[in-house]
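Residue numbers (my numbering): 64 to 277. The beta carbon of each residue, even a glycine, is placed where N, CA and C say it ideally should be. No experiment lies behind these values; they were computed from the predicted model shown.
Right, dumping it as structure tokens:
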């Protein structure tokens, strides 16, 4: 049923059906290609390609055929309205093409990065909730945690702190301006209350360990 549902979702934007049984080797090849595209698009923007790749992982799990709950498309889960705002004039199917999707997704994320003055959580919050948003919902905090986790797993130096959510229901998700993490960001948190002071201390300790090669 899940595969059949994804076929239907892909058909909405003119994408080919998903094929099952892909090997780990074949799945690694697109990841390498996506990384090259990200590095090309982030060049000269001030945005580290590792951050864009982490956002891609949270948004779509590196699935070019992913369709979000409110119409987000592709690897970076770009809303068609956001892409049009950035000058895109093609179809939804064209927006799903990795090169195009990464171009507009990275452009929007790089703008968010500049607006956030290099603060990771603020930048990714603005990516998922819209550039005009200034508050952190529970979902935006969880989204930042997911991005930070991916970055630290790669040994990337993560700076800044995790903000405290000021609104929203921790058990619910919603659409965004650039992408829509939805409830995927809540994975591993269990919807429980989080002590952010302790969390920030733990994250700082992890960064120190990574720097020391421990």
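Residue 202 and residue 231 closer than 9 Å at C-beta: Going by C-beta atoms, residue 202 is nearer than 9 Å to residue 231.
Where residue 59 sits in the DSSP three-state scheme: No information on residue 59 is available, as it lies outside the stretch 64 to 277 that the chain covers here.
Straight-line Cα distance separating residue 176 from residue 163: So the alpha carbons of these two residues sit roughly 20 Å apart.
Nearest-angstrom Cβ-Cβ length linking residue 165 and residue 101, presumed shorter than 8 Å: Right, their Cβ atoms sit about 6 Å apart.
Where residue 133 falls, given that 16 or more other Cβ within 10 Å makes a residue buried: That one is exposed.
At least three beta-carbon pairs within less than 8 Å, the stretch 186-201 to the stretch 219-230: Three or more Cβ pairs closer than 8 Å define a contact, and the stretch 186-201 meets that threshold against the stretch 219-230.
Per DSSP, cross-strand counterpart(s) of residue 141: Answer is 136, bridged to residue 141.
Residue burial classification, residue 149 (beta-carbon count within 10 angstroms, cutoff 16): Under the 10 Å beta carbon count, residue 149 is surrounded by fewer than 16 other beta carbons and is classified as exposed.
Residue 140 and residue 156 closer than 9 Å at C-beta: Their beta carbons are not under 9 Å apart, which means residue 140 does not touch residue 156 by this criterion.
Member of 98, 106, 225 and 104 whose CA lies at the smallest distance from the CA of residue 186: From the listed residues 98, 106, 225 and 104, the smallest Cα separation to residue 186 is found for 225.
Test item: CB-CB of residue 127 and residue 120 under 9 Å: Cβ atoms of residue 127 and residue 120: not closer than 9 Å.
Segment limits, alpha helix (DSSP H) that includes residue 221: Secondary structure note for residue 221: it is in no alpha helix (DSSP H), with a DSSP letter that is neither H nor E.
Opposing strand residues paired with residue 200 [DSSP bridges]: The partner list for residue 200 (beta bridge, DSSP) reads 230.
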